[in-house]
Amino acid sequence: MGGRTRSAHQQTGAGETVRGLTIERLVEEHNIPQIDLLKLDIEGAEKEVFEGGASWLERVETIVIELHDRFQPGCRAAFEAAIGDSFPHHAHRGENLWVSRQPFSLSSDSRVSGVDDCRHDAPHIPIIATMLCGNNESLIGEAIESIIDYVDKFLLIDTGITDGSLTIAQSLCGEKLWVEPFAWCNDFARARNCALELAATLGSVWALTIDTDERVEFDHVADRESLQQVLASNPDIRAWLVSSRDGSYAKERFIRVPTQLEWRGRTDEALCGATAEQRAVLPGAKFWEEPKTAEQFRKKLERDLAVLQEETQFKPENARWWYYLGQTLEQLGEPTQAIEAYRHCVELKTGWAEEAAWAAYCGGRCLVSLERFADAIDLCALGLARQPASPELAWQAGYSCYKLGRDRDAIAWEEMAVSIGEVDGSKAARHRISFRHLPAWYEGPYDVLRHAHKRLGDKERASECEEKYQTALKTRLRFASEGINSSNQTTTEELPIPAVRRSSLTRGEVKRVAILGLYSSGSTATAGILYHLGAQMGKRFWGNYYEPQWLSAQLRRWWDEPRIRETVALSERVKLLKRWMRDLSLDEPEVVAAKHPLLTLCGPDLIQAWGKETKFIWTHRPLDKSIASLARRGWWPEHFVRLQEKLWEAANSFFTNQEHLRIEFADVLKSPDEQVDRISDYLGMDVSEQRRQRAIASIMREGSASPLATESLERA
Numbered sequence: 001m002g003g004r005t006r007s008a009h010q011q012t013g014a015g016e017t018v019r020g021l022t023i024e025r026l027v028e029e030h031n032i033p034q035i036d037l038l039k040l041d042i043e044g045a046e047k048e049v050f051e052g053g054a055s056w057l058e059r060v061e062t063i064v065i066e067l068h069d070r071f072q073p074g075c076r077a078a079f080e081a082a083i084g085d086s087f088p089h090h091a092h093r094g095e096n097l098w099v100s101r102q103p104f105s106l107s108s109d110s111r112v113s114g115v116d117d118c119r120h121d122a123p124h125i126p127i128i129a130t131m132l133c134g135n136n137e138s139l140i141g142e143a144i145e146s147i148i149d150y151v152d153k154f155l156l157i158d159t160g161i162t163d164g165s166l167t168i169a170q171s172l173c174g175e176k177l178w179v180e181p182f183a184w185c186n187d188f189a190r191a192r193n194c195a196l197e198l199a200a201t202l203g204s205v206w207a208l209t210i211d212t213d214e215r216v217e218f219d220h221v222a223d224r225e226s227l228q229q230v231l232a233s234n235p236d237i238r239a240w241l242v243s244s245r246d247g248s249y250a251k252e253r254f255i256r257v258p259t260q261l262e263w264r265g266r267t268d269e270a271l272c273g274a275t276a277e278q279r280a281v282l283p284g285a286k287f288w289e290e291p292k293t294a295e296q297f298r299k300k301l302e303r304d305l306a307v308l309q310e311e312t313q314f315k316p317e318n319a320r321w322w323y324y325l326g327q328t329l330e331q332l333g334e335p336t337q338a339i340e341a342y343r344h345c346v347e348l349k350t351g352w353a354e355e356a357a358w359a360a361y362c363g364g365r366c367l368v369s370l371e372r373f374a375d376a377i378d379l380c381a382l383g384l385a386r387q388p389a390s391p392e393l394a395w396q397a398g399y400s401c402y403k404l405g406r407d408r409d410a411i412a413w414e415e416m417a418v419s420i421g422e423v424d425g426s427k428a429a430r431h432r433i434s435f436r437h438l439p440a441w442y443e444g445p446y447d448v449l450r451h452a453h454k455r456l457g458d459k460e461r462a463s464e465c466e467e468k469y470q471t472a473l474k475t476r477l478r479f480a481s482e483g484i485n486s487s488n489q490t491t492t493e494e495l496p497i498p499a500v501r502r503s504s505l506t507r508g509e510v511k512r513v514a515i516l517g518l519y520s521s522g523s524t525a526t527a528g529i530l531y532h533l534g535a536q537m538g539k540r541f542w543g544n545y546y547e548p549q550w551l552s553a554q555l556r557r558w559w560d561e562p563r564i565r566e567t568v569a570l571s572e573r574v575k576l577l578k579r580w581m582r583d584l585s586l587d588e589p590e591v592v593a594a595k596h597p598l599l600t601l602c603g604p605d606l607i608q609a610w611g612k613e614t615k616f617i618w619t620h621r622p623l624d625k626s627i628a629s630l631a632r633r634g635w636w637p638e639h640f641v642r643l644q645e646k647l648w649e650a651a652n653s654f655f656t657n658q659e660h661l662r663i664e665f666a667d668v669l670k671s672p673d674e675q676v677d678r679i680s681d682y683l684g685m686d687v688s689e690q691r692r693q694r695a696i697a698s699i700m701r702e703g704s705a706s707p708l709a710t711e712s713l714e715r716a
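Counted the way my numbering counts, the sequence shown spans residues 1 to 716.
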């Protein structure tokens, strides 16, 4: 129950008029003789409520209150004057002040429940998503879509919505949606803590935190029930983190509520209070952020800069704010000022060691950009003293020595990086959860070593390091392309570190390929060729058909398979096709290819989504033979003929005026080597002989397996 003095009637965020009550009127009207626990969070109105005394206080045993003097000076004084000596027992937890007439204890395991939690008929909601939202109609939809199937309720904290964001949320969440107005006070931590409290009040066990520009992908978590099992697998965990898609850091996503953890910081907020044993990275999931426009990004930086300058002025001993001030200044193009802020973070011994080491790396990066290599070496050494498990710092120090012509020093630093790295080292950095620069864990040290040894005239050692460099680079990129970081491995030791995207200097533009054709037209055989030639075709497939599961599910929804009726608008299809291609292109493979018979209905969509340079392969087989083959498989007995006819019509219509490579199914069976070469030549792929033989063998294995081999190659 709230303590704010209110008018008789008020407007809610949903446009409804409700009656407002003061506590005094409430206890009188309902003749409440005693209130055992009163929780007050009235956002700066404490002075208004308590000034001049409050007669109803004599009925209260215990009060939990947040006092907001910075919003309204005098709140604490008014409260203390009102309670006098009647509540002699006090305690603090976070921003909450507890006062009671009787002695009490707040142990580390104590949990306080609200009235709703005491109701026997209160609904049990294991997972509630929480989102802060202003005017974000261009972003909110995809954020909700990415998680809505994995949560039981969606709590939207309305910080002042005036656009279509709420309408979009209602359409996507349906009955799962709960909207709570929140008067924006330029304090992200306060808003997030409010969301956690509300999630607990609604009966949640886990609160999922997601922003409108964030997307979460559950690669290896099948459904909501599976997610609940993972979250419940370790009762000691208070916060599950989810790794970013590029592997550069992990972020708190699932928080067990009610919680003693709290967000701190008006911007670049952090969740505080959990020990290392109470935090873990959630397997099978990753997240990413939608990129901001240049204008949006600058506005964010300027907003953050003002807040961070104030925070570092009034809280100079808080290392976190110095780090984020450095980051903001660096992104604003002020490297000299950024270096000083980063250095403050490193030198504050009370700060988090991981953060200090990363600040040293970032400061060193700024110094390198200014060609102040000697200063960069000193700062890297300082960072290593704070967090020795930092291959980035040893690598950057070695690079700086190389730039100064100090080759032997460069070699010494890089050998340190190798010794704690992922390839030939102790893998010392795996326990870290903060930011990381993964090339320094893999190929970076060998890159410097090969050049330093070459300049010293040691050709043999340079050649060895060249081989190591190539192997380490391929290892990192392979882990990224296979999505190994998010797989369900059995032990932490088996989990390779995820990779960042490779430099655009190392590869050209990603080639985009679509394989179109009917069911039982040989598209699986063609897709298998592309897969073995090295094309990126998705993370998880349906069976052995090389059809990415997520895209397959979308296609079936778009076209109401097997009836083949359009159910989703072109704009939505294009948006999701763009998203799929963007996700698969992150690590810049040479080729990204998609295969599914229903893609045959999406020819124009693909051009609009992926561009005019998209390459098309038409897996061709006479209509009657494709129909007969599908009939033998027994799929959709009432629909298969019309389905195949519609796909045939779509393919012929699209390819009449669209450049493409036509692959005859009979030719694939007769001369797979020739078809492999035709495909690689058409796509301009740089294919090793080993990959070529694998692609040929993928057909030969099927073709020699049994008398049914031909039929097996007719898969969708």
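Just so you know, even glycine gets a beta-carbon here, dropped at the ideal spot from N, CA and C.
Note that this is a predicted model, so its numbers are computed, not measured.
Nearest-angstrom Cα separation, counted from residue j out to residue i
{"i": "asparagine 31", "j": "phenylalanine 154", "result": "36 Å"}
{"i": "glutamate 61", "j": "glycine 265", "result": "32 Å"}
{"i": "alanine 651", "j": "glycine 517", "result": "7 Å"}
{"i": "valine 257", "j": "isoleucine 699", "result": "54 Å"}
{"i": "arginine 582", "j": "arginine 632", "result": "38 Å"}
{"i": "leucine 393", "j": "proline 445", "result": "11 Å"}
{"i": "leucine 643", "j": "arginine 436", "result": "50 Å"}
{"i": "glycine 273", "j": "isoleucine 255", "result": "12 Å"}
{"i": "aspartate 281", "j": "leucine 261", "result": "It is valine, not aspartate, that sits at residue 281 in the sequence shown. Each residue's alpha carbon lies about 17 Å from the other."}
{"i": "glutamate 302", "j": "lysine 47", "result": "34 Å"}
{"i": "alanine 514", "j": "alanine 527", "result": "10 Å"}
{"i": "phenylalanine 314", "j": "arginine 279", "result": "30 Å"}
{"i": "phenylalanine 218", "j": "proline 637", "result": "34 Å"}
{"i": "tyrosine 324", "j": "leucine 308", "result": "7 Å"}
{"i": "alanine 376", "j": "glutamine 327", "result": "16 Å"}
Proximity test, residue i beta-carbon vs the ligand MG heavy atom, cut-off 6 Å
{"i": "phenylalanine 640", "result": "Of the ligands one can find in the structure shown there are none, so the ligand MG has no counterpart to examine."}
Under the three-state DSSP convention, the category residue i falls into
{"i": "valine 307", "result": "helix"}
{"i": "lysine 578", "result": "helix"}
{"i": "serine 100", "result": "strand"}
{"i": "tryptophan 635", "result": "coil"}
{"i": "methionine 131", "result": "strand"}
{"i": "aspartate 458", "result": "coil"}
{"i": "serine 204", "result": "strand"}
{"i": "isoleucine 161", "result": "coil"}
{"i": "lysine 670", "result": "helix"}
{"i": "threonine 619", "result": "strand"}
{"i": "isoleucine 144", "result": "helix"}
{"i": "alanine 270", "result": "strand"}
{"i": "lysine 468", "result": "helix"}
{"i": "threonine 167", "result": "helix"}
{"i": "glutamate 262", "result": "strand"}
{"i": "leucine 155", "result": "strand"}
{"i": "arginine 4", "result": "Note on arginine 4: pLDDT 34, under 50, position unreliable in the model; the coordinate value appears next. If DSSP states are grouped into helix, strand and coil, arginine 4 belongs with coil."}
Which residues DSSP lists as bridging residue i, in chain order
{"i": "valine 592", "result": "Arg512 and Gln536"}
{"i": "lysine 286", "result": "Glu217 and Ser243"}
{"i": "alanine 250", "result": "Ser243"}
Extent of the continuous alpha helix (DSSP H) to which residue i belongs
{"i": "tryptophan 550", "result": "549 to 559"}
{"i": "cysteine 362", "result": "353 to 369"}
{"i": "alanine 412", "result": "407 to 419"}
{"i": "proline 181", "result": "Unbroken run through proline 181 is the beta strand (DSSP E), 177 to 181; no alpha helix (DSSP H)."}
{"i": "arginine 642", "result": "640 to 655"}
{"i": "arginine 343", "result": "335 to 347"}
Close-in-space but distant-in-sequence residues of the same chain around residue i (CB under 6 Å, 5 per side omitted)
{"i": "tryptophan 288", "result": "Arg215 and Arg245"}
{"i": "serine 146", "result": "Arg215 and Val216"}
{"i": "isoleucine 63", "result": "Leu38 and Val99"}
{"i": "arginine 461", "result": "His453"}
Contact set for residue i: own chain, Cβ-Cβ below 7 Å, skip 5 residues either direction
{"i": "proline 335", "result": "Cys366, Ser369 and Leu370"}
{"i": "glutamate 136", "result": "With the sequence shown as reference, residue 136 is identified as asparagine, and glutamate is not the correct amino acid for it. Here the set comprises Ser165 and Thr212."}
{"i": "glutamine 170", "result": "Leu177"}
Endpoints, the beta strand (DSSP E) within which residue i is located
{"i": "isoleucine 83", "result": "No beta strand (DSSP E) contains isoleucine 83, which is instead part of the alpha helix (DSSP H) from 75 to 83."}
{"i": "lysine 39", "result": "35 to 40"}
{"i": "valine 64", "result": "60 to 66"}
{"i": "arginine 386", "result": "Looking at the DSSP string, arginine 386 is not in any beta strand (DSSP E); the run it does join, the alpha helix (DSSP H), is 373 to 386."}
Same chain, Cβ closer than 8 Å to residue i, five either side skipped, listed in chain order
{"i": "leucine 708", "result": "For leucine 708, the predicted structure reports a pLDDT of 29, less than 50, and the residue's modelled location is therefore unreliable. The matter cannot be settled from this model."}
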